[in-house]
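Below is one structure; the comments refer to it alone.
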Amino acid sequence: MMADSLSMPARKSTALNMRSLPLLLLRLRAYLALALLVVLFSSIAPSFLSARNLVIVTEQVAVFAILGIGMTFVILAAGIDLSVGAVAGLAAMVAGYLITEGLRLPWLGVSAFFSIPVVCILSLALGTLVGAVNGWFITRLKVTPFIMTLGMLYMARGAAQLVSGGATYGDLTGQAELNNSGFLLLGTARLLSVPVSIWLMILLTLVAVYISRKTVFGRQVFAIGGNERTAELSGVRVSRVKIGTYAISGFCAALAGLIIASRLGAANPAIATSYELNAIAVVVLGGASLFGGVGTIGGTIIGAFVLGVLSNGMVLVGISDFWQTVITGAVIVLAVVVDQLQRRVEKSSAERQAKAQEDRGTPSTTA
Amino acid sequence: MNAHSPALTLAMRLRQIRKVYQGTTALKGVDFDVVHGKVNVLIGENGAGKSTLMKILAGIEQPTSGQMFAGEQALTLNSPREAMARGIGIVHQELNLCPNLSVAENMFIGKERRTRFGRVLHGEQRQLAHATLQRMGQDIDVDALVQDLSIGKRQIVEIAKVLVSDVRVLILDEPTSSLSEAEVGILFSLITDLKRQGVSIIYISHRLDELIEIGDHFTVLRDGHLVGTGVRDAVTVDWLVERMIGSQMNTQLRTGTDPAVHQLAPVVLRVCDLEVASDQGSLLLNKVSFSVRRGEIVAFYGLMGAGRTELFETLIGLRHAIGGRIEINGQTLPLAQDIAGRIRAGIALVPEDRQKLGLVASASVRDNLLLANLTRYSRADGLARQPMDDDVARMIRELHIKAEHADVAISSLSGGNQQKVVVGKNLLTEPHVLLLDEPTRGIDIKARRELFEVLDSLAKNGLTILYASSDLTEIIGGADRALVMCQGRITANLTRQQLDEPTLVGWSQVSRKDSTALAPTEKETA
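Structural data, given as structure tokens:
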């Protein structure tokens, strides 16, 4: 009798289809926050909703979103990448160098100039490689992600300065006779009256959503973030997948760097300084857990919009620069606090449900 | 010795497998046959080497020496992937699932159904997952997140995860430890099915009656050696117990103290109706009551998951009870008290996982000893050196810690001496009650005896000692009194004279048949 009462009844799977309102609100908080901000700013400053301003906001968002997409993969696999800002700067400088000076070949005494697509491909390849190097050191040589990518932040930023000796490439227009004009289109051209950079963000988002949800690689990223040991014991090539996440992050960083340089029409070594923090903030605002395994690309995009709308709106409304920084920081902390709150509410309602089921004496599921 | 008739086909043969870990040898030349299409039972006490052997078979660990054969072909397995490719699947003792993924996704981690371009065929996976669960007679939603399932269901998913691929050798490492009776029935009929399909099964469990019921071929390991093999019908529970324990009767770790001495001593720790719930809402401890007198050494015996660790964690304040009472020297402690509070109240814990929870591996012997007690030496001008030096020297002397110097790294000490340092650290907090969870894990017999000598002298000086162990000889040889736990309850209270293997093993078993026979327990020795 004693032992029987102890053999705990197997509960019916408690798929938490919580329809309780507070929980629903908590789950949709990123969307609610975004909607709230839009309503707030447009009521105070009507110019906020003008097509012109919305394009400006979205262009700004695009850079954060692209960095954030790469960062999402890394964070989903329970890693972190502090080097993305520096990698963006490096990619911008390499593009600037290739356009302005060409690739100098000292032993031939000539410089080779490349067409713009080739320049972009080379810069993106470099970013991807830097990311892969991060991943390689982290997985094979067991350097912790924080330290490795912090080191890479310094190295990439230093390399960006070395490219030009610290100088700015002030004009990236290129020369028609060298067949390397057109770089500026990336940041300025419009397709169907929407800037190319926004199209790139949309395209990258779609691809990233597909990768994260539909591909083996994407699901293994989630598995690693959820329980790395399990993934390993199940035959997932954990190192390879993790290197992949850092490579993606490096690629996204380089793309962001190119967009920024193209928009400025210039490349300078300080481009995208401290953008890694924006990228992390965007991912966290999107509801991802820094412990890995939880988060979505869609969430990250919303996070990027929250951050972009917040900073643009605060300018329009006339909040001082200094307060903007304080408020941005507070919003990030608040996002995590609310996230923890959601987890607690979910857990306690799960427990209540389980308890209720036990009290009802749900019989163990027999065949 | 080999009881297998030559007519049997062997799916796999392991020969002279040795596995040396840093400091200990887990397997000392073991032969193991996996008979095709049969349930091959592997049995032994904790630490006998069962799990290590299975990890080698599943490619998770590589043997230090020895050979493996599949049929006539020699075999090396360098990773779980390679083992899986050869149809060897393992269901681990501890749950190995990703809580953030769905049931279907968990079942296909690492072996996703995919197109040539790496797209996951979610639909196909869900279908296969559903079909597998159906075949197992389980009605589990394949889209549910694993974190929303009960432990029992998770265990089922864990088994299903192995079965979705084509296994030829299925290793089940204590698969029933968290299953209800009905679920065990389902598992057994599933095993019968699999046997018929020619799957060879390796089955590890502590539940002896269960093994007799399901097993065809039995292999007993003890202390890294093969000590016996047998076939169905020739094997009884007594035979198994005898083989498992062997003739290690001469392992008196200390001479017990006359119970009459303790009768006069005051009760130091009294626990009444203690109840602790798990995160999932089930009871880890169910109305646990006992009391311990000053200077007693009391052992807690039980199988894995019986609640010993949870009891100690509750006493030290790591877990909080939902009901009951804890008294130290007649004073009731608040149930929600934190660890610092409990230490102040006079409780200290030497945790089970020495490396992870007991020590700061990078620090010196001295720093480890002082760690729990730094505030005591704190002065306005910093930490006072003299009393610290005195305490460190005293502990090294009293506990016979064999270290060249107090400043050597703790990692350079043997396991036994490391454990003494952890004990010393806790003694410096001047506890009334010292809790030790599996105090001799990974420690050889000589060091074990030394540790118990130290405990003996501490007890004689008035310290009350509680220790948990799943090692029978350690319970019988070391305790004045033993409390046996099973599924969160105390099932027996045995004096030193009553201690022997059959009694302890008997009380620790999950009795499926005659549970009303559980009786004389829970009486305080007041």
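Protein chains in written order, with my numbering: chain A, 1 to 367; chain B, 368 to 893.
We treat Cβ as the ideally placed atom computed from N, Cα and C, and that holds for glycine.
Item: Straight-line gap, A/Tyr-210 to B/Asp-533 (C-alpha atoms, nearest Å); Value: 29 Å
Item: Rounded Cβ spacing between A/Ala-95 and A/Leu-258 (contact assumed at less than 8 Å); Value: 6 Å
Item: Chain-ordered neighbours of B/Arg-486 on chain A, where CB pairs are closer than 9 Å; Value: Tyr-210, Lys-214, Thr-215, Val-216
Item: Touch test, the segment 481-493 of chain B against the segment 411-424 of chain B, Cβ-Cβ under 8 Å, three pairs minimum; Value: no
Item: Within-7 Å CB hit, A/Asn-227 to chain B; Value: yes
Item: Per-residue contacts from A/Arg-65 into chain B (C-beta, under 7 Å); Value: Note that residue 65 of chain A is Ala in the sequence shown here, rather than Arg. By Cβ distance, chain B contributes nothing, its closest Cβ being about 23 Å from A/Ala-65, past 7 Å.
Item: Residues that B/Lys-478 contacts on chain A, provided the C-beta gap is smaller than 8 Å; Value: Ser-234, Gly-235
Item: Spatial neighbours of A/Asn-278 in its chain, beta-carbon cut-off 6 Å, leaving aside the 5 residues before and after; Value: Phe-64
Item: Closest residue to A/Ser-234 among B/His-629, B/Thr-543, B/Gly-595, B/Ala-527 (Cα-Cα distance); Value: B/Ala-527
Item: Residue ranges of each alpha helix (DSSP H) within the segment 427-454 of chain B, 4 or longer; Value: 447-452
Item: Simplified DSSP state of B/Cys-465, which is helix, strand or coil; Value: coil
Item: Any chain A beta carbon closer than 7 Å to B/Pro-718; Value: no
Item: Best match in B/Val-531, B/Leu-512, B/Val-790 for proximity to B/Met-451 [C-alpha to C-alpha]; Value: B/Val-531
Item: Which of helix, strand or coil DSSP assigns to B/His-573; Value: coil
Item: Range of the contiguous alpha helix (DSSP H) that encloses A/Tyr-169; Value: Looking at the DSSP string, A/Tyr-169 is not in any alpha helix (DSSP H), and its letter there is neither H nor E.
Item: Contact set for A/Val-119: own chain, Cβ-Cβ below 8 Å, skip 5 residues either direction; Value: Ala-95, Leu-98, Ile-99, Asn-180, Phe-183
Item: Continuous beta strand (DSSP E) stretch holding B/Tyr-834: start and end; Value: 831-836
Item: Three or more C-beta pairs below 8 Å linking the segment 284-292 of chain A and the segment 156-172 of chain A; Value: no
Item: Exposure of A/Phe-305, with buried meaning 16 or more beta-carbon neighbours within 10 Å; Value: buried
Item: Inter-stretch contact (C-beta, 8 Å, three-pair minimum) for the segment 216-235 of chain A and the segment 107-124 of chain A; Value: no
Item: A/Ala-176 versus B/Leu-468 - alpha carbon distance; Value: 53 Å
Item: 7 Å Cβ cutoff, A/Arg-219 in contact with chain B; Value: yes
Item: Neighbourhood of B/Gln-785 by C-beta, 7 Å cutoff - its chain only, sequence neighbours within 5 removed; Value: Arg-721, Leu-726, Ile-777
Item: Cross-chain neighbours of B/Glu-472 in chain A, by beta carbon under 9 Å; Value: Arg-219, Phe-222, Ala-223
Item: Proximity to B/Gly-697 [Cα-Cα], best of B/Val-387, B/Pro-430, B/His-799, B/Ile-455; Value: B/His-799
Item: B/Gln-864, buried or exposed, once every other Cβ within 10 Å from all chains shown has been counted against 16; Value: exposed
Item: DSSP-derived helix/strand/coil call for A/Ala-267; Value: strand
Item: Segment contact flag, the segment 137-146 of chain A with the segment 73-84 of chain A, C-beta cutoff 8 Å, min 3 pairs; Value: yes
Item: Chain-order list of residues whose beta-carbon lies under 7 Å from that of B/Phe-679 (same chain, five-residue window excluded); Value: Leu-716, Leu-802, Asp-804, Ala-835
Item: N-terminal and C-terminal residue of the beta strand (DSSP E) that B/Val-598 is part of; Value: 592-598
Item: Chain B contacts from the segment 170-202 of chain A (Cβ-Cβ distance under 8 Å); Value: none
Item: For B/Gly-411 and B/Leu-652, believed in contact at Cβ under 8 Å, the rounded distance; Value: 28 Å between Cβ atoms; not a contact.
Item: Contact check, B/Gly-690 vs B/Glu-642, beta carbons under 7 Å; Value: yes
Item: Residues bridged to B/Lys-386 (per DSSP); Value: B/Leu-394
Item: Cβ-Cβ distance between B/Leu-650 and B/Gly-855 below 7 Å; Value: yes
Item: Reduced DSSP category for B/Met-503 - H, G, I as helix; E, B as strand; rest coil; Value: coil
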